[in-house]
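A short worksheet on the structure shown next.
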Amino acid sequence: MSQETFGLTAAESPDAEALTALYLRSRAAAMPWLASPHDEAATHWWMENVVIPEQLVRVAREDRRPLGFFALTGNWLEQLYVDPDDQGRGVGRLLLEEAKRLSPDGLSLYVFTRNGQARRFYEAAGFMLTAQSDGTRNEEREPDCLYRWRPAPNKNSRGSLGR
180 MSQETFGLTA
190 AESPDAEALT
200 ALYLRSRAAA
210 MPWLASPHDE
220 AATHWWMENV
230 VIPEQLVRVA
240 REDRRPLGFF
250 ALTGNWLEQL
260 YVDPDDQGRG
270 VGRLLLEEAK
280 RLSPDGLSLY
290 VFTRNGQARR
300 FYEAAGFMLT
310 AQSDGTRNEE
320 REPDCLYRWR
330 PAPNKNSRGS
340 LGR
């Protein structure tokens with residue numbers, strides 16, 4: 180299927196259950212080695228009471244079914260997950276392009292060091308590795324990487340005087 184078969188919408192409170200399930204499925208498939216510090220109920224509470232109301236969340240949908248989502252706080256890409264059954268369809272690229280559009284000055288994100296698939300995805304999208312940590316600052320205690328994306332300078336810009 181092509182990217183044209185799905186679209187983006189804002190997340191709403193009733194999406195919490197479906198987005199929680201998608202988040203948990205995606206993490207389990209991509210990172211089976213990662214122990215979650217929270218159970219499903221706590222994750223659902225977080226999605227419903229923190230992510231959806233406090234972050235800018237966009238959901239890729241096909242016939243109202245969520246395929247993936249991202250969450251932004253300022254210029255931080257807090258979450259980007261695609262249902263494992265829908266990967267390879269352009270959902271992640273569509274989500275990431277929308278996140279970039281909403282953050283024209285650049286984006287930053289963390290990804291676990293061992294999550295090679297996500298690292299390759301972000302690197303292919305122009306993100307640069309800027310730092311690595313031993314994991315002591317995250318809940319999972321898993322080494323992670325800081326990535327940053329900056330838009331290319333506008334070649335048509337002629338400076339502040341418009342020359």
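Each residue of the sequence shown is one higher than the last, beginning at 180 in this note's numbering.
Even for Gly, the Cβ is constructed at its ideal location relative to N, Cα and C.
| task | Rank Thr252, Ala189, Asp194 and Arg206 by C-alpha distance to the C-alpha of Trp224 and give the top, closest one. | result | Taking the sequence shown and counting its residues from 1, the one referred to as residue 224 is at position 45. The shortest Cα separation from Trp224 among Thr252, Ala189, Asp194 and Arg206 belongs to Asp194.
| said: Give me the residue from Ser192, Leu235, Thr292 and Ala220 with the minimum Cα distance to Trp212. | reply: Locating residue 212 in the sequence shown gives position 33, counting from the first residue. Closest by alpha carbon: Thr292.
| query | Using a Cβ-Cβ cut-off of 6 Å (strictly less than) and excluding sequence neighbours within five positions of Val270, which residues of its own chain qualify? | reply | Translated into positions along the sequence shown, residue 270 becomes position 91. So the list reads Ala239, Leu246, Gly247 and Val261, once near-sequence residues are dropped.
| message | Whether or not the region 267-283 and the region 214-221 are in contact is what I'm after, with contact meaning three or more pairs of Cβ atoms, one per stretch, closer than 8 Å; do they touch? | response | no
| said: Which residue wins for smallest C-alpha separation from Trp328, given the options Ala304, Glu321 and Ser205? | reply: The residue given as residue 328 occupies position 149 in the sequence shown. Selected option, being the one with the closest Cα: Ala304.
| task | Please classify Arg320: is it buried, with 16 or more other beta-carbons within 10 angstroms of its beta-carbon, or exposed? | result | The residue labelled residue 320 in the question sits at position 141 within the sequence shown. Classification for Arg320: exposed.
| said: Considering Cα atoms alone, identify which of Leu325, Arg316, Phe185 and Ser312 is closest to Arg243. | reply: On the sequence shown, position 64 is the one that residue 243 refers to. Ranking the options by Cα distance to Arg243, first place goes to Phe185.
| query | Do the region 194-205 and the region 303-317 meet, that is, are 3 or more Cβ pairs less than 8 Å apart? | reply | no
| field | Best match in Glu318, Arg268, Glu191 and Leu325 for proximity to Ala214 [C-alpha to C-alpha] | value | Along the sequence shown, one-based indexing puts residue 214 at 35. Taking only the C-alpha atoms, the option nearest Ala214 is Glu318.
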